[in-house]
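Each residue of the sequence shown is one higher than the last, beginning at 205 in my numbering.
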Amino acid sequence: MEFIKKQTVGVWMAFCTLLLGIISFIVYEANIAGVGYFHGASVETASRYMILAIVLGICVLVLAQLHMDGIVAKLLNFITDIARIVIPALAVAAVLAIVSARVEGFAFIYFSNAEVLQEIQTPANISSAHGAIANIVFLAITAVVGIIGAFFSTRKANG
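This is the structure:
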């Protein structure tokens, strides 16, 4: 219980960002593994951005638990602050990569001609599109939480 009381708002926001990033990655993997239009349609850059953001999130949480003095403390604070800015930037980059890769599929599934709409709007394709939309939403929420969390310190003022 003492460990929980020692954490700052910045640490809790970093934890929420990390958790949302992991959920986003799971939804992404489920979307490309599932049946439907986006089956196997991986977006390698988005995947790399999400993995890097998750790794940086873990680093932020670990570095926030280290208590150093002097120049080492300043260096750790600097690295942590940079990572907390890069994480939401990576989430936004992943959103942009996924949206740009999926927009044509969305248009095909949702806005095709009336003649072919019955063939295209199968339950599998609609489910696949909904999974892609859920992935985009989770990544956007991850970015927003990360941006807000970057304004809070991961260290207590009195050490």
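Every residue gets a Cβ at the ideal spot worked out from N, C-alpha and C, and that includes glycine.
Only a predicted model underlies this, so the values are computations on that prediction, with no experimental measurement involved.
Here I340 is buried. Its C-beta has 16 or more other C-beta atoms within 10 Å. By the criterion of at least three beta-carbon pairs nearer than 8 Å, the stretch 206-220 is not in contact with the stretch 239-258. Each residue's CA atom was taken as its position, placing L343 and S251 some 11 Å apart. Going by beta carbons, A336 and F242 fall inside the 8 Å limit.
DSSP, reduced to helix, strand and coil, places G240 outside both helices and strands of the structure shown, so it counts as coil.
Taken through DSSP and simplified to helix, strand or coil, F282 comes out as helix.
With the rule of 3 Cβ pairs closer than 8 Å, the stretch 263-281 does not count as touching the stretch 323-338. Boundaries of the alpha helix (DSSP H) harbouring M254: 248-269, taken from the DSSP string. Within a 10 Å sphere around the beta-carbon of L294 sit 16 or more other beta-carbons, which makes this residue buried.
Ranked by Cα distance from V247, the first of R359, A298, N317 is A298.
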